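Peer 1: Residue numbering for the sequence shown follows the numbering used here, beginning at 5 and increasing consecutively. Got a structure here, written out as structure tokens. Questions coming.
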Amino acid sequence: MGMVRWLHPAQFIRTSMDAIVAAVFGSRADQRLIESVVRPQEPYFDYSQIEDGGGSFWLDYVADTGDGWDPTYCIARLLALPTLETAVPGGAQHVTQRGRVLIFGGDEVYPGASRETYEERLIQPYEAAMRRSHPPSPDLFVIPGNHDWYDGLAAFMRLFCAHRWVAGRRTRQSRSYFALKLPQDWWLLGTDVQLNSDIDVPQVEYFRSVAALMGPKDRVILCNAEPAWIHATATKKRRGYLENNLDYLQEKVLGKRISVFIAGDLHHYRRHEDPEGRQKITAGGGGAFLHPTHAPPARVLLDDYKEKKSFPDEKTSRRLARGNLLLMRHSPLFGLMSGTMYLLLALAAYAEVGHLGLSRFLEVISKVGYSMVLRPLSLVLGVATLAAFTAFADVAFGRWRTLAGALHATAHLTAAFLCAWGATYVTVSVLGICPEMAADGMTCTAGWLHQAGKFLMDTVLTFAFGFFVGPFVTGFYLWVSVNGFLAHYNEAFGALAIPDWKNFLRLRIDPDGSLTVFPVGVERVPRKWKKTHAGPYAPAYESDDPKATEPILIEEPFRIR
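Below is the structure:
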């Protein structure tokens, strides 16, 4: 199972429709309101008396899984190993243990939720990594992300909220949110922000009742599906708690108890820390395509958290963005859309200019302009193209958004004009098809068969030129946007579908009450695998790719006391 190709025409249309339908109907058919009534759940799940070897308690966190097989299985395999020895390059080795609890932090499957996609892109890789586990078996708790909500959370509830076994781990939650009581006065809360980056009122009441059970020294790990702190910094908008239930929960219900915020959604690793040692960690590296770490910009958050580490670093992130200049290589069928668009624009403003070379450029402009005046449809398509690309422009451009969209549209309109002109010039002046032009250049004196052949060749060449030129124009726009203006980070890196630079978090609570976080990363995941024949308690495959890299610690383990 390969990575999702977001710019494949069929996938692009399907994903757009899923997003539109989810946005329109999601808030009007909120599954969370129903589950709060019909699905009773314990006030919290108690792990406070459970200890692993040495008196410590281990748990794992991974988010944004279920894309291509290689990155998803690579991380699933590392999570399944009973112990894992890693180190910061050049640093001391650290031995970590498999968590007694595994948290899926959102967007468990791509491109959208269904029983089939969960099975193919998530369950199969994780069961290949560990179909069974030796007692005591780890537990699995899952937070839904926006992609899990694309089917109204139906497949998610069936898989994760029905007390089933999944890849050697048992699920215990009945709702899409939960609370875990951990040893040494620690708690972990997992929220469901649905599609609107917010939580519902019954969920607020649930967590309010959990907060009432906490002591004055208790500390909280809050897991959300999205890193609101980065998005707020990028948009320079600080929301008040009256605007958002999640902000109310964080600021008024939990307050200073929250020592660690963890979220996925952005497919990279970035850690921010405030002067008091609180952490905001973005760790969405479970299997989905890589997001850049230089965009959206968030070196210093609105609440004075400062960035301490990113994986990959910003220099590498900018270098990877250059891959958009070869967009055709990463999304080879994207040219079907650009070729079709160029062809429609050319047909709408068709003019006989095949006998005119570069030296008569102004005459070509005149003839095409005259043709557009005679064919109002060409003006309609031109205006529609400008409107579509302006709407596509990222809000990160701010007040320059309209200009950015207009420039992008103008680039495609210009490219379509040149492709069409080049196609008819090659047909008439190079291939010699229907070269006998009348003095006015508007008619062909040959028979209808020659005219049909000329039209067919013009059509094929225009589409072919658009097939190759359009992706370069789009790729250049995305490269300039993400590296020059820190915009279109999702589109620019989604188009590349980079499977590498994956990560997950391994957390340890020690008997003294301190929490240590081990951020594990893999720079290059394997592309080839071989069977281990090791049985259901161990991974079924191991790397057979000499170019793959071993797991490392992204940074030295950091401790929250």
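Glycine residues also receive a C-beta, built at the ideal position from the N, C-alpha and C atoms. Only a predicted model underlies this, so the values are computations on that prediction, with no experimental measurement involved.
#1: In three-state DSSP terms, what is Leu568?
#2: Tell me where the alpha helix (DSSP H) around Ile502 begins and ends.
#3: Where does the unbroken alpha helix (DSSP H) through Asn249 begin, and where does it stop?
#4: Would you identify the three-state DSSP class for Ile225, choosing helix, strand or coil?
#5: Go ahead and pull the three-state DSSP assignment for Arg563.
#6: Per DSSP, what kind of secondary structure is Tyr114 in: helix, strand or coil?
#7: I need the straight-line Cα distance from Val224 to Gly109, nearest angstrom please.
#8: Look up Gln283 in the DSSP assignment and give the residues it is bridged to.
#9: CB-CB under 7 Å to Tyr1, same chain, minus the five flanking residues each way: which ones, in chain order?
#10: In angstroms with no decimal places, state the Cα-to-Cα distance between Pro140 and Glu495.
#11: Can you give me the Cβ contacts of Cys78 inside the same chain, cut-off strictly under 7 Å, excluding the 5 residues immediately before and after it?
#12: What does the alpha-carbon distance come out to for the pair Ala544 and Lys535?
#13: Can you round the beta-carbon distance between Glu554 and Gly95 to whole angstroms, since I take them to be within the 8 Å contact cut?
#14: Name, in chain order, the residues that DSSP records as bridge partners for Ser314.
#15: Note down the Cα distance separating Asp444 from Gly72, rounded to an integer number of angstroms.
#16: Use the C-beta contact count for Glu356: other C-beta atoms within 10 angstroms, 16 or more gives buried, fewer gives exposed.
#17: Can you list, in chain order, the residues of its chain with a C-beta nearer than 7 Å to that of Ser52? Leave out the 5 residues immediately preceding and following it.
#18: Suppose the cutoff is 6 Å on Cβ atoms and the five residues either side in sequence are ignored; what does the same chain contact list for Ser137 look like?
#19: Considering just the uninterrupted stretch of the alpha helix (DSSP H) at Tyr210, what are its terminal residues?
#20: Between Ile513 and Phe61, is the Cβ-Cβ spacing less than 7 Å?
#21: Could you pull the start and end residues of the beta strand (DSSP E) that Glu4 belongs to?
#22: Just confirm the distance between the C-beta atoms of Tyr181 and Leu509, as a whole number of angstroms; I'd bet it's less than 8 Å.
#23: Pro300 to Ile147, Cα distance in whole Å?
#24: Using a Cβ-Cβ cutoff of less than 6 Å, which residues in the same chain neighbour Thr19 once the five nearest sequence positions on both sides are dropped?
#25: Buried or exposed, going by whether 16 or more other CB atoms sit within 10 Å of the CB of Leu383?
#26: Taking the straight line between their C-alpha atoms, what separation do you get for Leu500 and Leu11?
#27: Who pairs with Tyr545 in a beta bridge, going by DSSP?
#28: For Ala183, which three-state DSSP category applies?
#29: By Cβ distance below 7 Å, which residues in the same chain neighbour Pro93 in space, the five residues on each side in sequence not counted?
#30: Cα-Cα, which of Tyr309, Trp533, Gly361 and Gln101 is closest to Ser433?
#31: Counting only the same chain and skipping the five closest in sequence on each side, list residues whose C-beta sits under 6 Å from that of Arg282.
Peer 2: Taking the definition as stated:
#1: This structure does not reach residue 568, given that the chain is present from 5 up to 565, and the question cannot be answered.
#2: Where Ile502 is concerned, there is no enclosing alpha helix (DSSP H), given that its DSSP letter is neither H nor E.
#3: Taken as a continuous stretch (DSSP letters only), the alpha helix (DSSP H) holding Asn249 covers Asn249 to Tyr252.
#4: The answer is strand: DSSP assigns Ile225 an E or B state.
#5: Arg563 carries a strand assignment under DSSP once its states are collapsed to helix, strand and coil.
#6: Secondary structure of Tyr114 (DSSP, three-state): coil.
#7: Cα to Cα, the separation comes out at about 16 Å.
#8: Gln283 pairs with Val264 and Glu277.
#9: This structure gives no information on residue 1, because the portion of the chain shown stretches from 5 to 565.
#10: Between Pro140 and Glu495, the C-alpha separation is close to 43 Å.
#11: Closer than 7 Å at Cβ, skipping near neighbours: Lys506, Val526, Val529 and Pro530.
#12: Distance between the alpha carbons of Ala544 and Lys535: 6 Å.
#13: Between Gly95 and Glu554 the Cβ distance is about 14 Å, and since that is not below 8 Å, they are no contact.
#14: Beta-bridge annotation (DSSP): Ser314 is paired with Arg274.
#15: With a pLDDT of 46 at Asp444, under the threshold of 50, the modelled position of this residue cannot be trusted, and the question is left open.
#16: By the Cβ neighbour-count rule, Glu356 is buried, with 16 or more other Cβ atoms within 10 Å of its own.
#17: Beyond the five residues adjoining it in sequence on each side, Ser52 comes within less than 7 Å, by CB distance, of Lys185, Leu186 and Pro187 in the same chain, given in chain order.
#18: Taken in chain order, the residues that qualify are Gly172.
#19: Under the DSSP assignment, Tyr210 falls in the alpha helix (DSSP H) whose first and last residues are Val205 to Ala215.
#20: In contact: Ile513 and Phe61 (Cβ atoms closer than 7 Å).
#21: Absent from the structure is residue 4, since the part of the chain shown begins at 5 and ends at 565.
#22: Between the beta-carbon of Tyr181 and that of Leu509 there is about 19 Å, and that puts the pair past the 8 Å contact cut.
#23: Going from the Cα of Pro300 to the Cα of Ile147 covers about 23 Å.
#24: Within its own chain, the residues whose Cβ lies closer than 6 Å to the Cβ of Thr19, once the five positions on either side in sequence are excluded, are Pro115, listed in chain order.
#25: When all chains shown are included, Leu383 counts as exposed.
#26: Cα-Cα distance, rounded: 9 Å.
#27: Tyr545 pairs with Lys535.
#28: Looking at Ala183 - three-state DSSP - the assignment turns out to be strand.
#29: Excluding sequence neighbours, Pro93 sits near Ile556.
#30: Nearest in C-alpha terms to Ser433, of all of Tyr309, Trp533, Gly361 and Gln101, is Gly361.
#31: Correct list, in chain order: Ser263.
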